[in-house]
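Chains as they are written, first to last, in the working numbering: chain A, 161 to 261; chain B, 13 to 255.
Below is one structure, written out as structure tokens, with a few remarks after it.
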């Protein structure tokens with residue numbers, strides 16, 4: 161049985177988890193609060209699919225607890241898991257762009 | 013019967029009715045006090061393996077960055093770490109599901125819950141629910157666990173052998189001590205499991221999505237069958253406290 165160390169709940173059966181894909185930096189917004197369409201589409205739809213150690217979003221479904229895992233995509237070894245607040249220290253607020261007059 | 017005097021029913025009320033349960037109104041809910049056994053037989057069953065439905069009793073949750081601070085302001089004693097629970101002086105159980113989420117389970121001894129009725133602010137769950145308002149939402153928000161989750165208790169000396177049939181987490185007492193909390197998969201549904209010991213009898217509180225209540229109830233009965241387990245009422249659980 162493959163086990164995943166959840167930062168909140170400890171070792172659990174992998175069937176209790178959902179992988180939500182690669183952790184990527186969100187494209188920076190410009191001064192007028194807009195994002196380049198191409199950069200945004202790249203962020204949403206394209207995956208690096210690297211062979212080696214990657215950082216991924218995982219969710220423990222019994223607790224809806226989201227965390228980050230470092231996993232080797234070739235050996236499927238889980239190197240480390242940690243809470244998202246190790247990286248994201250602040251709430252990210254999205255201000256809608258001003259409505260054009 | 014009108015909508016005004018219709019007490020809240022358990023998610024497994026029809027199954028309890030079929031089993032010959034005798035109900036009483038406690039804290040606004042129809043609680044099964046006895047289920048098809050005389051008192052002494054039920055007291056024996058719960059010491060061996062009994063399943064009790066506590067779903068009609070009050071429970072509530074709070075989640076948010078300021079949840080621990082807000083709950084302390086309500087004079088609650090909180091567990092020191094996530095996935096553990098602490099019992100308040102009136103018997104209310106407070107479980108920390110994470111650093112920022114807490115679950116409150118009302119006392120389930122007949123004496124304690126009879127002393128409160130729904131809307132009566134002397135019960136901790138009701139008092140805390142009354143204290144919360146949208147002004148508190150910046151700190152934490154309220155989770156209506158009485159609607160979202162069913163609440164069962166499995167008790168007895170053989171429970172430690174029965175639960176591994178349904179759950180992959182090691183629930184043996186030296187690993188999963190009293191007041192430990194596990195949030196995991198139980199019979200393939202997400203569940204919160206809390207362990208207590210009352211009069212040398214292990215009591216596991218099981219809370220799962222209310223939509224899966226009947227499914228889990230049947231799974232538990234199926235798993236209990238080889239240990240001669242049976243459904244008992246709240247009176248049997250109460251009898252443990254009288255020891």
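Note that beta-carbon positions come from the ideal geometry of N, C-alpha and C, so glycine has one too.
Query	Result
For residue 196 of chain A and residue 153 of chain B, the rounded distance between their alpha carbons	35 angstroms
Best match in B/241, B/215 and B/174 for proximity to residue 338 of chain B [C-alpha to C-alpha]	Given that chain B is displayed from residue 13 to residue 255, the structure contains no residue 338 of chain B and the question cannot be resolved.
Boundaries (first-last residue) of the beta strand (DSSP E) holding residue 138 of chain B	Here residue 138 of chain B belongs to no beta strand (DSSP E); instead the alpha helix (DSSP H) covers 136–143.
Enclosing beta strand (DSSP E) for residue 219 of chain A [first to last residue]	213–220
Interface partners of residue 168 of chain A on chain B, CB under 7 angstroms	94 and 110
Between the CA atoms of residue 261 of chain A and residue 160 of chain B - distance to the nearest angstrom	45 angstroms
Against chain A: residues of the region 179–197 of chain B by CB proximity under 9 angstroms	180, 181, 194, 195, 196 and 197
Beta-carbon proximity check, residue 190 of chain B vs residue 207 of chain B, cutoff 7 angstroms	yes
Contact list for residue 225 of chain A against chain B, beta-carbon separation under 7 angstroms	110
Per-residue contacts from residue 176 of chain A into chain B (C-beta, under 7 angstroms)	196 and 197
Assumed close pair residue 156 of chain B, residue 38 of chain B - CB separation to whole angstroms, cut-off 8 angstroms	So it is not a contact: roughly 19 angstroms between Cβ atoms.
The region 165–183 of chain A in contact with the region 212–220 of chain A per 3-pair CB rule at 8 angstroms	yes
Close Cβ partners of residue 83 of chain B (< 7 angstroms) along its chain, the five nearest in sequence each way excluded	74, 90 and 114
Where the beta strand (DSSP E) through residue 243 of chain A begins and ends	238–243
Length of the line joining the Cα atoms of residue 28 of chain B and residue 206 of chain A	53 angstroms
Collapsed DSSP secondary structure at residue 152 of chain B in the structure displayed	coil
Any chain A beta carbon closer than 7 angstroms to residue 130 of chain B	Low confidence applies to residue 130 of chain B: its pLDDT is 49, below 50, so where it sits in the model is not reliable, and the reading given next is rough at best. Chain A contact via Cβ: absent.
Where residue 113 of chain B falls: helix, strand or coil (DSSP)	strand
Whole-number beta carbon distance between residue 176 of chain A and residue 224 of chain A, since they are thought to touch under 8 angstroms	Not confirmed; about 11 angstroms, so no contact.
Nearest neighbour of residue 36 of chain B, chosen from B/30, B/21, B/49 and B/50 [CA to CA]	B/21
Cβ-based contacts, 7 angstroms cut-off: residues of the region 199–228 of chain A near chain B	221, 222, 223 and 225
Cβ shell of residue 168 of chain A (< 8 angstroms), same chain only, five flanking positions each side left out	220, 223, 225, 227 and 243
From B/56, B/43, B/233 and B/63, residue whose alpha carbon lies closest to that of residue 70 of chain B	B/43
Cβ separation of residue 48 of chain B and residue 62 of chain B, assumed to be a contact under 8 angstroms, to the nearest whole Å	Wrong, their Cβ atoms sit about 12 angstroms apart, outside the cutoff.
Pair within 7 angstroms by beta-carbon distance, residue 45 of chain B and residue 233 of chain B	no
Cβ neighbours of residue 184 of chain B in the same chain (closer than 8 angstroms, five flanking residues each side left out)	172
Pairwise C-alpha distance: residue 172 of chain A and residue 165 of chain A	6 angstroms
Assigned exposure category for residue 58 of chain B - 16 Cβ within 10 Å defines buried	buried
Cβ-based burial, residue 194 of chain A [other Cβ within 10 Å; buried from 16]	exposed
Min CB distance residue 202 of chain B to chain A below 7 angstroms	yes
Distance CB(residue 105 of chain B)-CB(residue 99 of chain B) smaller than 7 angstroms	yes
Same chain, Cβ closer than 7 angstroms to residue 54 of chain B, five either side skipped, listed in chain order	46, 244, 245, 247 and 248
Residues of its chain near residue 196 of chain B, where Cβ-Cβ distance is below 8 angstroms and the 5 sequence neighbours each way are ignored	179, 180, 181, 202, 203 and 205
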